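Protein chains: 2
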Amino acid sequence: MKTLKIPEATIVRLSVYSRFLGTADRRGITTISSGDIADGVGVSPAQVRKDLAYFGEFGTRGVGYNVKDLHRHIMKILGLSAEWQVSLVGLGNLGLALAQYKGFRERGFKIRSIFDSDPAKVGTTVNDVVVEHIDNLEEVLAQQGAQNGAIAQIGIIAVPTPFAQSVADRLIKSGVKAILNFAPVVLSVPPEIELRNVDLAVHLEVLTFNLALHKS
Amino acid sequence: MKTLKIPEATIVRLSVYSRFLGTADRRGITTISSGDIADGVGVSPAQVRKDLAYFGEFGTRGVGYNVKDLHRHIMKILGLSAEWQVSLVGLGNLGLALAQYKGFRERGFKIRSIFDSDPAKVGTTVNDVVVEHIDNLEEVLAQQGAQNGAIAQIGIIAVPTPFAQSVADRLIKSGVKAILNFAPVVLSVPPEIELRNVDLAVHLEVLTFNLALHKS
DNA sequence: TTAAATTTGTGATATAATTAACTATGCAAT
DNA sequence: ATTGCATAGTTAATTATATCACAAATTTAA
Numbered sequence: 001m002k003t004l005k006i007p008e009a010t011i012v013r014l015s016v017y018s019r020f021l022g023t024a025d026r027r028g029i030t031t032i033s034s035g036d037i038a039d040g041v042g043v044s045p046a047q048v049r050k051d052l053a054y055f056g057e058f059g060t061r062g063v064g065y066n067v068k069d070l071h072r073h074i075m076k077i078l079g080l081s082a083e084w085q086v087s088l089v090g091l092g093n094l095g096l097a098l099a100q101y102k103g104f105r106e107r108g109f110k111i112r113s114i115f116d117s118d119p120a121k122v123g124t125t126v127n128d129v130v131v132e133h134i135d136n137l138e139e140v141l142a143q144q145g146a147q148n149g150a151i152a153q154i155g156i157i158a159v160p161t162p163f164a165q166s167v168a169d170r171l172i173k174s175g176v177k178a179i180l181n182f183a184p185v186v187l188s189v190p191p192e193i194e195l196r197n198v199d200l201a202v203h204l205e206v207l208t209f210n211l212a213l214h215k216s
Numbered sequence: 217m218k219t220l221k222i223p224e225a226t227i228v229r230l231s232v233y234s235r236f237l238g239t240a241d242r243r244g245i246t247t248i249s250s251g252d253i254a255d256g257v258g259v260s261p262a263q264v265r266k267d268l269a270y271f272g273e274f275g276t277r278g279v280g281y282n283v284k285d286l287h288r289h290i291m292k293i294l295g296l297s298a299e300w301q302v303s304l305v306g307l308g309n310l311g312l313a314l315a316q317y318k319g320f321r322e323r324g325f326k327i328r329s330i331f332d333s334d335p336a337k338v339g340t341t342v343n344d345v346v347v348e349h350i351d352n353l354e355e356v357l358a359q360q361g362a363q364n365g366a367i368a369q370i371g372i373i374a375v376p377t378p379f380a381q382s383v384a385d386r387l388i389k390s391g392v393k394a395i396l397n398f399a400p401v402v403l404s405v406p407p408e409i410e411l412r413n414v415d416l417a418v419h420l421e422v423l424t425f426n427l428a429l430h431k432s
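Top to bottom, those sequences are chains A and B. Each residue of the first sequence is one higher than the one before, counting from 1 in my numbering. Each residue of the second sequence is one higher than the one before, counting from 217 in my numbering.
So this is what it looks like as structure tokens:
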């Protein structure tokens, strides 16, 4: 497979295009131009075409793109044709919100297992998923993996900061290949593990930085 | 003020350095080198120095940086010496999680007002903040602004997608200068308004893209 | 049929960001 | 004092990303 180093920004934009195309499709739009997409998501038409060009030719010159087709193609590119096993660790306020987050389901992500250390939470059901004790993480993930052959597993970490690294270690040892980390701490993971950090305070700080600039 | 276009990536890293320095400070570390910081947050030492160089000289050659000093400087750069009025709109699962998120308070952000449309929630208290009805948004923000003179206000949008744009419009009309949007939709706002989007599904899709690549 | 209008795909260019290399400075040991 | 070592600050080189401009393809209208 030829992989000419795709910019991450391109992937993020593809994800946004995909969401936009889904909306357009539901509205009954069948054909769309790079300019339409660009207007819809706030980038330039050239950027849209360049992003798509990394992966092939999906449009018709003089016409545009077929909405359904392009949507399908991008979903495929993003790896959304496979089913991913998503596990959530930590059912505090944030964890609960993530477990019930509609945006995940809308984009095809279903959380398969949930772990927490609070005995009061273990055994309860969130969105049809029974909460497991975190002590059973390895066991449950092994089972889950066995059920689904080679499909890679994704872990979401929503535990308090001091526990995040050990949870990451255990997830990885259990075969998880990608981690979405909400704890505001820099995790150390092997290079082959995909890691993304979501630090909500960082976003606020980028805003305050920009505001502080404008005011002076 | 000279503002030589600071890369946004630099701001994000500064925020991470700042968090790291806070931890180091609490551990009693007084002096730190660019290499130490780099190791701690997973970037190169040159990157650390380059990022800081945009804003001045904060270290001592041959020695390193004073942890407390550098921390203070970065906080100042990020605009965290001012107090920001943060309002949260939407108290669903995600909104509630954000309202109680410790990470915000740890970094100095305090949510001053919370709005929701559900009568059952209005009047309840979350983290010492009384939930207001969203119909009163303009009124409450006007009061809040008046109390605090010229300090800019920040709005966090955690309402369902269909309502996000109108909430944004109302926030802006009420004087909010920066918006952190959690609704998975592209908002259109005037160019002078600072906008950041947090789309949780996008993060998962970047992970699946990378996993899909590695597997082929 | 031809011409005009549209819109993609892409090579060339420009811009931006990162990395590397170097210089200057300060400290510690002798 | 002098030398050696560590490390910040800075300039230059490299790499990555985004923009631009145009040729190629398709449709529509005359």
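Think of the CB as a built atom: it goes at the ideal place given N, C-alpha and C, for glycine as much as any other residue. Everything numeric in this text was worked out from a predicted model, so none of it was measured.
Shown here for N413/B: same chain residues with a beta carbon closer than 6 Å to its own, the five before and five after excluded, namely N397 in chain order. By the Cβ criterion, the region 42 to 57 of chain A is in contact with the region 8 to 22 of chain A, since at least three pairs of Cβ atoms, one from each stretch, lie closer than 8 Å.
Pairing N210/A with E348/B gives a Cβ-Cβ distance that is not under 8 Å. In the three-state DSSP reduction, A298/B falls in the coil class, being neither helix nor strand. Of all residues in the region 146 to 179 of chain A, those with a C-beta nearer than 7 Å to a C-beta of chain B are A152, I154, K177, A178, reading in chain order. As summarised for the region 119 to 192 of chain A, the continuous alpha helix (DSSP H) elements at least 4 residues long and confined to that stretch are 137 to 147, 161 to 173, given in chain order. At a cut-off of 8 Å between beta-carbon atoms, T340/B makes no contact with chain A.
Contact annotation for Y317/B against chain A: N93, L94, L200, A201 [CB-CB distance below 9 Å, chain order]. A distance below 8 Å separates the beta carbons of L91/A and K121/A.
Contact residues of the region 37 to 71 of chain A toward chain B are G40, V41, G42 (C-beta to C-beta distance below 9 Å). Sequence-distant Cβ neighbours of E354/B in its own chain, meaning closer than 6 Å and more than five residues away, are S390. L78/A places its beta carbon 8 Å or farther from that of T340/B. Ranked by Cα distance from Q147/A, the first of E83/A, M75/A, Y17/A is E83/A. With respect to chain B, the C-beta atom of A9/A has no partner C-beta closer than 8 Å. Cβ proximity to chain B below 8 Å picks out I77, L78, G79, L80, A82, W84, V86 from the region 76 to 89 of chain A. In the DSSP annotation of this structure, the continuous segment of the beta strand (DSSP E) that includes E194/A starts and ends at 194 to 197. Bounds of any beta strand (DSSP E) do not take in G311/B; it lies within the alpha helix (DSSP H) bounded by 309 to 316. Between the alpha carbons of R61/A and I6/A lies a distance of about 24 Å.
When DSSP reads this structure, I37/A sits in no beta bridge, so it has no partner. Under a criterion of Cβ atoms nearer than 9 Å, no residue of chain B is adjacent to A142/A; the nearest Cβ is some 19 Å distant.
Contact with chain B is absent for V189/A, since none of that chain's Cβ atoms lies less than 8 Å from the residue's Cβ. The three-state secondary structure of F109/A, taken from DSSP, is coil.
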